[in-house]
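Student: Here you go, one structure.
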Amino acid sequence: MPIDSSVTYAIGDLQGCYQSLVTLIDKIEAITPNARFIFVGDLVNRGSQSLQTLRLIRSLGERAQAILGNHDLHLLAAAHGIRKLHRGDTLDEILDAPDREELLDWLRHRPLALFQQNHLFIHAGVLPQWSAAKTMALAQEVADTLQSPRWVDFLREMYGNQPLHWDDALKGNERLRCIVNALTRLRFCTEDGTMELAAKESTGISLPGYMPWFDAPQRQTEDVTVVFGHWSTLGLVLRPNLIGLDTGCVWGGKLTAVRLADRMVVQVSCPQAQRPG
4 MPIDSSVTYA
14 IGDLQGCYQS
24 LVTLIDKIEA
34 ITPNARFIFV
44 GDLVNRGSQS
54 LQTLRLIRSL
64 GERAQAILGN
74 HDLHLLAAAH
84 GIRKLHRGDT
94 LDEILDAPDR
104 EELLDWLRHR
114 PLALFQQNHL
124 FIHAGVLPQW
134 SAAKTMALAQ
144 EVADTLQSPR
154 WVDFLREMYG
164 NQPLHWDDAL
174 KGNERLRCIV
184 NALTRLRFCT
194 EDGTMELAAK
204 ESTGISLPGY
214 MPWFDAPQRQ
224 TEDVTVVFGH
234 WSTLGLVLRP
244 NLIGLDTGCV
254 WGGKLTAVRL
264 ADRMVVQVSC
274 PQAQRPG
């Protein structure tokens, strides 16, 4: 579905914050009737209404596009017994839902990246040596695997931090794992694209040579606008070629949307009551 940037809003990490999403959509539609939405991943988990959130986004049909984040992949892995649920997970209601299989099938058919009207949408980051075209091609490799008969086998091999550095010669699960880690987990890397996958600070990092992925010199995606989420301690980022949208809704921050045509920001406050007590 090609986007019309005058009516399209990119929306940050939802993480199951259904009530805030409903409020945000109502607020947007009062400004832009029949608006369209692009969700930058982490649709579910940690918030208290992941099931309702997933159902709502799916029900929007062609009005909404969504990409996969690390929490969404975690749901797919947990649903097949590959990953145990963590203490703070809120995925049981999806796993126990009567429409579980329909929702999970819809989710695994979401892409890991979108590129429309010179905007590149990803969940976390891109390595500095990847152009927008290369990012889309690599994301498609993962999407093809997730939509193939061997997708569950791949989920079993998806987790792990190695390799930390991209090489075009990578093959098989190591290649796919490196792509997934960059697109759904990356915050910091070195100038040559070596990833650091543990730190969650806002911008400072104690490891010499590491920097936010978007500050890497000669980043090959500087010629497009990259739209991303994943980094709640960073907050809203609006640069000429960068839009960061994770403003910590599930942690009591805000849920943020940005209209692509003019960078108009629409936000709603997100009480921590959306998290389970």
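Those letters in the sequence shown? Residues 4 to 280, by the numbering used here. Even glycine gets a Cβ: it sits at the ideal position worked out from N, Cα and C. All figures in this text were calculated on a predicted structure; none of them were measured in a lab.
Just the Cα atoms here: how many angstroms apart are Ala264 and Gln221?
Tutor: Ala264 and Gln221: Cα-Cα distance of roughly 26 Å.
Student: Assuming Glu194 and Leu210 make a contact with CB atoms under 8 Å, what is their CB distance in whole Å?
Tutor: The Cβ separation is near 13 Å, so there is no contact.
Student: Can you tell me the Cα-Cα spacing of Gly64 and Arg58, whole angstroms?
Tutor: Roughly 11 Å between the two C-alpha positions.
Student: According to DSSP, which residues form a beta bridge with Met214?
Tutor: In DSSP, Met214 forms a bridge with Cys192.
Student: Considering Cα atoms alone, identify which of Met214, Ala140, Pro215 and Tyr213 is closest to Val183.
Tutor: Ranking Met214, Ala140, Pro215 and Tyr213 by Cα distance to Val183 puts Ala140 first.
Student: If you run the structure through DSSP and keep just helix, strand and coil, what is Tyr162?
Tutor: Here Tyr162 sits in coil by DSSP.
Student: Where does Val155 fall in DSSP's three states?
Tutor: Val155 falls in the helix class under three-state DSSP.
Student: Below 9 Å between beta carbons: does that hold for Leu115 and Ala136?
Tutor: Not in contact: Leu115 and Ala136 (Cβ atoms no closer than 9 Å).
Student: Which residue wins for smallest C-alpha separation from Ser9, given the options Arg262, Leu189 and Leu245?
Tutor: The shortest C-alpha separation from Ser9 is found at Arg262.
Student: Opposite Ser272 in the DSSP bridges: which residues?
Tutor: Answer is Lys257, bridged to Ser272.
Student: Identify the residues that DSSP records as bridge partners of Ala67: which are they?
Tutor: DSSP, once it has assigned bridges, lists Phe40 as partnering Ala67.
Student: Which same chain residues, not among the five before or five after Pro274, have their C-beta less than 7 Å away from its C-beta?
Tutor: Excluding sequence neighbours, Pro274 sits near Gly255.
Student: Where Ala13 and Gln68 are concerned, what is the direct C-alpha to C-alpha distance, given to the nearest angstrom?
Tutor: Answer to the nearest angstrom: the Cα atoms are 9 Å apart.
Student: State yes or no: is the C-beta of Leu130 within less than 9 Å of the C-beta of Trp169?
Tutor: In contact: Leu130 and Trp169 (Cβ atoms closer than 9 Å).
Student: Measuring CA to CA, which of Asn244, Ala260 and Leu245 is closest to Gly251?
Tutor: If we check each option's Cα against that of Gly251, Ala260 comes out closest.
Student: Given a cut-off of 9 Å, decide if Thr228 and Asn121 are closer than it, judged by their beta-carbon atoms.
Tutor: It is a contact, given that the beta carbons lie within the stated cut-off.
Student: Give me, in chain order, the residues of the same chain whose beta-carbon lies closer than 6 Å to that of Phe40; leave out the 5 immediate sequence neighbours on both sides.
Tutor: Hits under 6 Å: Tyr12, Ile14 and Ala67.
Student: Suppose the cutoff is 8 Å on Cβ atoms and the five residues either side in sequence are ignored; what does the same chain contact list for Ala100 look like?
Tutor: Excluding sequence neighbours, Ala100 sits near Leu54 and Leu106.
Student: Contact check, Gln22 vs Val47 under 8 Å by CB: the rounded distance?
Tutor: The pair is not a contact, with the Cβ atoms about 15 Å apart (cut-off 8 Å).
Student: If we count the other Cβ atoms within 10 Å of its Cβ and call it buried at 16 or more, is Gly280 buried or exposed?
Tutor: With a pLDDT of only 45 at Gly280, under 50, the local geometry of the prediction cannot be trusted, and no value is derived from it.
Student: Please report how far the alpha carbon of Ser51 lies from the alpha carbon of Leu189, in whole angstroms.
Tutor: Looking at the two C-alpha atoms, the distance is approximately 26 Å.
Student: DSSP three-state call for Glu225: helix, strand or coil?
Tutor: Glu225: coil per DSSP, three-state reduction.
Student: With DSSP as the reference, label Gly247 as helix, strand or coil.
Tutor: Reduced to three states, the DSSP call for Gly247 is strand.
Student: Between the Cα of Asn37 and the Cα atoms of Ile125, Pro166, Asp7 and Asp156, which residue gives the shortest distance?
Tutor: When only C-alpha atoms are compared, the closest one is Asp7.
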